[in-house]
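The sequence shown lines up with residues 9 to 185 when you count with the numbering used here. Inspection log for the structure reproduced underneath, given as structure tokens.
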Amino acid sequence: MPASDAAAQSVTVRRWRDLKHSKKLIKELDSIFFEASNTKSFASDEARAAFRERWFGRYLEHYPEWAYIALAADGSVAGYLVGALDEASGFEDFASAAQAFPAHLHVNLAPRFRSRGIGADLIEAFVADARRAGTKGVHVVTSADARNVRFYDRVGFKPRAATTVNGSDLVFLGRTI
Ligand SMILES: CC(C)(COP(=O)(O)OP(=O)(O)OC[C@H]1O[C@@H](n2cnc3c(N)ncnc32)[C@H](O)[C@@H]1OP(=O)(O)O)[C@@H](O)C(=O)NCCC(=O)NCCS
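Spelled out as structure tokens, the structure:
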């Protein structure tokens, strides 16, 4: 679809558990996940599958109530948010920072749907539900020099901790709920 058509479409945030989980839907989500990921090549199919499981698949499986899909009017997937309320996000250096911001999330959009506020809509859907569930804070971990740090700042996530893992500078961004 040309970018201009994508920009003209209205996009709605839906709960994962309210959608039919068709092969087409999973395929579109996988393609958004891998496109947005910094890791582009894998030693084997098993390594690729393990990577998908760690950062995406296990959330859909274990925390389906905390997954949201941004759907375009024509039924194509604009993006997704997956998260968990009190499971560690997998960064040992941030265990202490996570005490005040126990929930965490991962959000990604297809390129043609970026920079039109859909990411913020996904975040606010998650935060509203997390607030109702009594969560005190939510965090994301990203690269300190990533462009998305500006996005997170605008939706209320501020730097609370930093570390370096395998030569990459990472930042822990937390939002009080
Ligand atoms: C980050 C993201 C979810 C934000 O959603 P969005 O709907 O595009 O955000 P908004 O329209 O509210 O704001 C635009 C901001 O998004 C971020 N953004 C846009 N395109 C981006 C890209 N290709 N890579 C990283 N961040 C991007 C920027 O911070 C941008 O602000 P800027 O123009 O001042 O740099 C979305 O852009 C995206 O999926 N980006 C690529 C993958 C990513 O970085 N995911 C987060 C991993 S921690």
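We put the CB at the ideal spot given by N, CA and C, even for glycine. Quick caveat: nothing in here was measured; it's all calculated off a predicted structure.
- W74 places its beta carbon less than 7 Å from that of G91.
- Here the distance from the Cβ of N174 to the nearest heavy atom of ligand 1 is not below 6 Å.
- If you measure from each CB to the nearest heavy atom of ligand 1, the residues under 5 Å come out as A44, V115, N116, L117, R122, S123, G125, I126, G127, A128, T150, R155, N156, R158 and F159.
- Annotation for T184: G145 place their beta carbon closer than 6 Å to its own, counting only its chain and skipping 5 residues before and after.
- In the structure shown, R168 adopts extended strand secondary structure according to DSSP, grouped into three states.
- Membership of H70 in the alpha helix (DSSP H) is indicated by the continuous run R66 to H70.
- Rounded to the nearest whole angstrom, the C-alpha separation of E69 and L37 is 14 Å.
- Take the alpha-carbon of R155 and the one of R56: they are about 25 Å apart.
- With respect to R140, P72 sits apart: the two C-beta atoms are not nearer than 7 Å.
- For D177, the enclosing beta strand (DSSP E) begins and ends at S176 to T184.
- The alpha-carbon separation between A51 and F64 amounts to approximately 19 Å.
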